[in-house]
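Student: Structure in C-alpha cells, see below.
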Amino acid sequence: MASYVVMEPPVRDGAEKAILIRDGFHFLAFVFPVFWLLFHRLWLEALGVLAAALALGAASSYLGYDPLAIIASLALGIFIGLEGAALKTHALSRRGWRHWGVVEAETRDDAEIRYLASNEVVAQVEPVLASAAVKPVRGSPAGAVPALGMLGYPGRG
17 MASYVVMEPP
27 VRDGAEKAIL
37 IRDGFHFLAF
47 VFPVFWLLFH
57 RLWLEALGVL
67 AAALALGAAS
77 SYLGYDPLAI
87 IASLALGIFI
97 GLEGAALKTH
107 ALSRRGWRHW
117 GVVEAETRDD
127 AEIRYLASNE
137 VVAQVEPVLA
147 SAAVKPVRGS
157 PAGAVPALGM
167 LGYPGRG
C-alpha cells in the first residue's frame with residue numbers, strides 16, 4: 017500500500033481542493049530532477065539542484081575526475097527521486113497549506129475516498145465533541161512520528 021500525505025489549502029472548507037502527495041520513489045525525478053521540480057512548480061528547489069549540478073560538474077572537470085561528475089549527478093538524482101514528495105510538502109507549507117495527515121491506500125482514488133470519508137466523519141462528530149470540550153484528532157495519533165522521507169514534515173521540529 018502506498019502512503020499519501022494530505023495537504024489542505026489555507027481556505028476554510030478546503031477539503032475538496034486538498035492535494036494528495038504520494039510518498040515513494042519518483043522515477044522521473046531521478047532521471048530529470050530539474051525538469052521534474054519545474055513541472056511541480058518547485059522553483060527554489062529547481063534552482064538549488066541546478067546550481068549544485070553545475071558546481072559538481074565544474075569541480076569534477078577542474079579536478080579532472082569525470083567519473084566523479086557521473087557519480088555526483090546520480091546521487092543528486094537519487095536524492096530528488098526519494099525526497100520529491102517531502103520537497104513538495106515543504107513548498108506547500110511555505111505557501112500556507114496545512115498538513116492534515118497521512119492516508120494509506122492502494123491507489124490515489126482510494127486515498128481520496130478515505131480522506132473525504134474521514135472528513136465527513138469528523139464533521140459529523142465535531143459538534144457533539146465541541147460541547148464536551150474535546151477536540152477531535154485528525155491525521156496521525158498524538159505523539160506519532162511520521163515516517164515519510166528524510167526531511168520530515170513542516171511544523172514537526
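Counting from 17, one number per residue, gives the positions in the sequence shown under my numbering. All C-beta atoms, glycine included, are put in the ideal place defined by N, C-alpha and C.
For L63, which residues of its own chain have a beta-carbon under 8 Å away from its beta-carbon, when the five flanking residues on both sides are left out?
Tutor: Short of 8 Å from the beta carbon of L63, and not among the five residues preceding or following it, lies no beta carbon of its own chain.
Student: Tell me whether Y81 is buried or exposed, calling it buried when 16 or more other Cβ atoms sit within 10 Å of its Cβ.
Tutor: exposed
Student: Any chance you could list the beta strand (DSSP E) runs of at least 3 consecutive residues sitting entirely within the segment 52-81, in chain order?
Tutor: none
Student: Between A85 and G100, how many whole angstroms is the CB-CB distance? I'm expecting something under 8 Å.
Tutor: That pair is no contact at about 22 Å.
Student: Compare the beta carbon distance of M174 and T105 with 8 Å and say whether it is the shorter of the two.
Tutor: Here the chain comprises residues numbered 17 to 173, so residue 174 is not present and cannot be evaluated.
Student: Count the other C-beta atoms from every protein chain shown that fall within 10 angstroms of the C-beta of Y174, then say buried if there are 16 or more, exposed otherwise.
Tutor: There is simply no residue 174 to check, as the chain begins at 17 and stops at 173 in what is shown.
Student: Less than 8 Å between the C-beta atoms of G93 and V47, yes or no?
Tutor: In this structure, G93 places its C-beta atom within 8 Å of the C-beta atom of V47.
Student: Can you tell me whether I37 is buried or exposed? The criterion is at least 16 other CB atoms within 10 Å of its CB, across all chains shown.
Tutor: So I37 ends up on the buried side.
Student: Kindly indicate which residue of D126, W113 and L103 has the alpha-carbon position closest to the one of R57.
Tutor: L103
Student: With the cut-off set at 8 Å, would you say P49 and I96 are in Cβ contact?
Tutor: yes
Student: Using the beta-carbon count (16 or more within 10 Å), is D39 buried or exposed?
Tutor: buried
Student: Under a Cβ-count criterion, where at least 16 other Cβ atoms within 10 Å of its own Cβ denotes burial, should W52 be classed as buried or exposed?
Tutor: buried
Student: To the nearest angstrom, how far is it from the Cα of A133 to the Cα of A68?
Tutor: 43 Å
Student: Once you ignore the five residues that flank N135 on each side, which residues in its own chain have a CB closer than 7 Å to its CB?
Tutor: Excluding positions up to five away in sequence, the list reads A31.
Student: Mind checking whether A91 and A18 have CB atoms under 8 Å apart?
Tutor: no
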